[in-house]
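With mature numbering (1 follows the signal peptide of the UniProt record, and there is no 0) applied, the sequence shown covers -21 to -1, 1 to 171.
Heads up, the beta-carbon is just placed ideally off N, CA and C, and yes, glycines get one too.
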Amino acid sequence: MKKFSIYFTLGLLVMSTIAFVKFESKTTKPDNTKTYFKMLVESKSYTLQIAEAMPANKYSFKPTDSVRSFGEQMAHIATSSIFLIDLFVKGKPMPSQEDFATAATKELEVSTSKEACIQALKESYDLIINTYKNMSDDELNEFFIVPFDPEQPAFTKDKAFQFVNEHTAHHRGQALVSLRMQGIKAPNYKLY
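In structure tokens form, the structure reads like this:
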């Protein structure tokens, strides 16, 4: 009987190990590149839903004088996202003060038109998504330096896309306040 117990216990141990290995091989981790790509696509969709929800004649609405109007938030998301990708991912140099002033003027012009904001958002997101999609893992793991931070920290390029997404969420959240203050039901939140 003792031999039976030992063999039975060993058999259970072997079978559970085999079952664990088979289970482990079926639950592989997702491909982070594909997962983050989906997040970018959904961010585009959600941002455009918010932009579409505000009537064109309300794009100049500001919850208070010290913040951007709804249209300015949308235009800023579009223009600043391109700026950050150009700087962090594509390695373009820091723009001059004159170039910044020109970009700020263009951003203000775009902000007055719902159609122009939506077009700018589509173009910006398409650039971001296509840039991300066409980068190899090696390219995503290359480093860049944040030139406007006095400490000039270095990050991998995959983090640049996260920075852009975080910046977008910040301004999109402010735009949601404008929608709600106008009595407009905001599009349902998307986790990704």
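By the neighbour-count criterion, in which a residue is buried when 16 or more other Cβ atoms sit within 10 angstroms of its Cβ, Tyr168 is exposed. In terms of Cβ geometry, Ile97 and Ala30 form a close pair [threshold 7 angstroms]. As computed with DSSP, Thr135 is found in a beta bridge with Phe122. Taken through DSSP and simplified to helix, strand or coil, Gly50 comes out as helix. Per the C-alpha coordinates, the member of Gly152, Pro74, Ser39 and Thr26 positioned closest to Phe127 is Pro74. Rounded to whole angstroms, Ser59 and Gly162 show a C-alpha spacing of 28 angstroms.
The C-alpha of Ala99 is placed about 11 angstroms away from the C-alpha of Lys85. The DSSP-derived three-state label of Lys112 is helix. Three or more beta-carbon pairs separated by less than 8 angstroms are not found between the segment 15 to 25 and the segment 62 to 72, which leaves the two stretches without contact. In the structure shown, the three-state DSSP call for Thr43 is coil. Contact annotation: the segment 40 to 49 touches the segment 148 to 156, with at least three C-beta pairs closer than 8 angstroms.
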